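Numbering follows the numbering used here, with no gaps: position 204 of the sequence shown is 421. Worksheet: one structure, shown below.
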Amino acid sequence: PADPTLLKELAAGYQRIADVQGSDSRGANLGQSRAALASYAKAIAFWDRYYSAVPTDRPGAMERLNTLRRNADLEALLDGNQKALATYGRAEAGARALAERFPGDQELEALVGDVLTVTSRCYREAGDLKTSLVKSEEALTITSRLAGLSPASLERRTAVASAEAAVGMTKARLGDLASAMRLYESSTRRGETLVADDPNNVSRKRNLMLGYSHLGDILGYPDLPNLGEPAKAEAVYARMVALAREIQASD
């Protein structure tokens, strides 16, 4: 059998290569998305072999799960939701199993919530709204509890805002527009607070712009089911445009 230390180094090395080649979630990259998928596949294979040999290495197990999640993000972008769902499913099962092995580990619980949020999006886009709602509501329960334990954490608060938006989008697709609006309003309020607390973070501003878009649409965008509040929608869109101009001015 291969040396576990070598397996870990190879897994981490291929993961770093994939991130540089074309990760969908790791910032600037070379735009080589297909090559990145191939490198992630190699990284996952080495992580699986390493984890089988050293199942007690929690940091190594976390890296394996993070690699699965990044791979699934890229699969969703390139190959569609069905393929990505299989990989997200592996990440979710692994995160749940690891959280059970290390009870009370908030970082692992946060990872479960994160995977559930992104998985709910895939189910929603695939048309399975029932499963999407179950996943997103569980994500919201987890992230809300963790944010309550660490109220100063920007990451925990961001996770709640993302989960709220995920539940809202599925509720909107199910026709529960009033519930969707309340969730969007709560998510954008959190987003505004996050931007105020971290004003130089462009990613947070872009997330808030997306939140404004969802809220404006549900209030009164004529080409989508809405609550018939065009004036309120226009005011929300104006905030979105102002934020876009602020981002452009800072570039």
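Glycine included, each C-beta is placed from N, C-alpha and C at the ideal position. All values reported here derive from a predicted model rather than from experimental measurement.
Residue i - DSSP class collapsed to helix/strand/coil
{"i": "D475", "result": "For residue 475 there is no data in the structure shown, the boundaries of the chain being 218 and 468."}
{"i": "V271", "result": "coil"}
{"i": "Y340", "result": "helix"}
{"i": "D265", "result": "helix"}
{"i": "D415", "result": "coil"}
{"i": "Q249", "result": "coil"}
{"i": "P447", "result": "helix"}
{"i": "A397", "result": "helix"}
{"i": "P276", "result": "helix"}
{"i": "A219", "result": "coil"}
{"i": "G428", "result": "helix"}
{"i": "S467", "result": "helix"}
{"i": "D296", "result": "helix"}
{"i": "D236", "result": "helix"}
{"i": "D434", "result": "helix"}
{"i": "A369", "result": "coil"}
{"i": "D440", "result": "coil"}
{"i": "D331", "result": "helix"}
{"i": "G321", "result": "coil"}
{"i": "L291", "result": "helix"}
Spatially closest choice to residue i from the options, by CA coordinates
{"i": "T336", "options": "A314, L325 and S349", "result": "S349"}
{"i": "P439", "options": "E451, G428 and Y429", "result": "E451"}
{"i": "I183", "options": "A378, M457 and L224", "result": "Any answer about residue 183 is impossible in this case: the structure gives the chain only from 218 up to 468."}
{"i": "P276", "options": "L328, T387 and Y305", "result": "L328"}
{"i": "A459", "options": "R423, N443, G445 and A380", "result": "R423"}
{"i": "E372", "options": "P221, D414, E355 and T387", "result": "D414"}
{"i": "R266", "options": "I234, L227 and S250", "result": "L227"}
{"i": "A245", "options": "P447, R251 and V237", "result": "V237"}
{"i": "D468", "options": "D345, V332 and N418", "result": "N418"}
{"i": "S361", "options": "Q323, C339 and R341", "result": "Q323"}
{"i": "T334", "options": "P368, S367, E381 and L346", "result": "E381"}
{"i": "V470", "options": "E446, P447, T375 and L400", "result": "No information on residue 470 is available, as it lies outside the stretch 218 to 468 that the chain covers here."}
{"i": "N283", "options": "A255, G321 and R233", "result": "R233"}
{"i": "S369", "options": "E355, V351 and R407", "result": "Going by the sequence as given, residue 369 is Ala instead of Ser. Of the listed residues, the one whose Cα sits closest to A369 is R407."}
Buried or exposed by the 16-neighbour rule on C-beta atoms within 10 Å, applied to residue i
{"i": "G392", "result": "exposed"}
{"i": "Q465", "result": "exposed"}
{"i": "S353", "result": "buried"}
{"i": "V384", "result": "buried"}
{"i": "A364", "result": "buried"}
{"i": "S379", "result": "buried"}
{"i": "T387", "result": "buried"}
{"i": "R251", "result": "exposed"}
{"i": "D331", "result": "buried"}
{"i": "R462", "result": "exposed"}
{"i": "L239", "result": "Inspection of the sequence shows that residue 239 is occupied by Gly rather than by Leu. The residue in question, G239, is buried, as its Cβ has 16 or more Cβ neighbours within 10 Å."}
{"i": "L247", "result": "exposed"}
Own chain, CB closer than 7 Å to residue i, minus 5 neighbours either side, in chain order
{"i": "A389", "result": "A397 and I435"}
{"i": "Y477", "result": "Since the first and last residues shown for the chain are 218 and 468, residue 477 lies out of range."}
{"i": "E409", "result": "L425"}
{"i": "L325", "result": "A312, L315, A316 and F319"}
{"i": "T405", "result": "L425, G428, Y429 and L432"}
{"i": "Q299", "result": "A343"}
{"i": "C339", "result": "A293, N298, A301, L302 and Y305"}
Beta-carbon contacts of residue i that lie in its chain and below 6 Å, excluding the five residues immediately before and after
{"i": "N288", "result": "Y257 and T304"}
Same chain, Cβ closer than 8 Å to residue i, neighbours up to 5 away in sequence not counted
{"i": "N443", "result": "L394, D434, I435, L436, G437 and A450"}
{"i": "A229", "result": "A260 and E280"}
{"i": "E446", "result": "L436 and G437"}
Practice task
Give a yes or no on contact between the region 283-300 and the region 265-274, applying the rule of three or more CB pairs nearer than 8 Å.
Solution key: With the cut-off at 8 Å, the region 283-300 and the region 265-274 do not touch.
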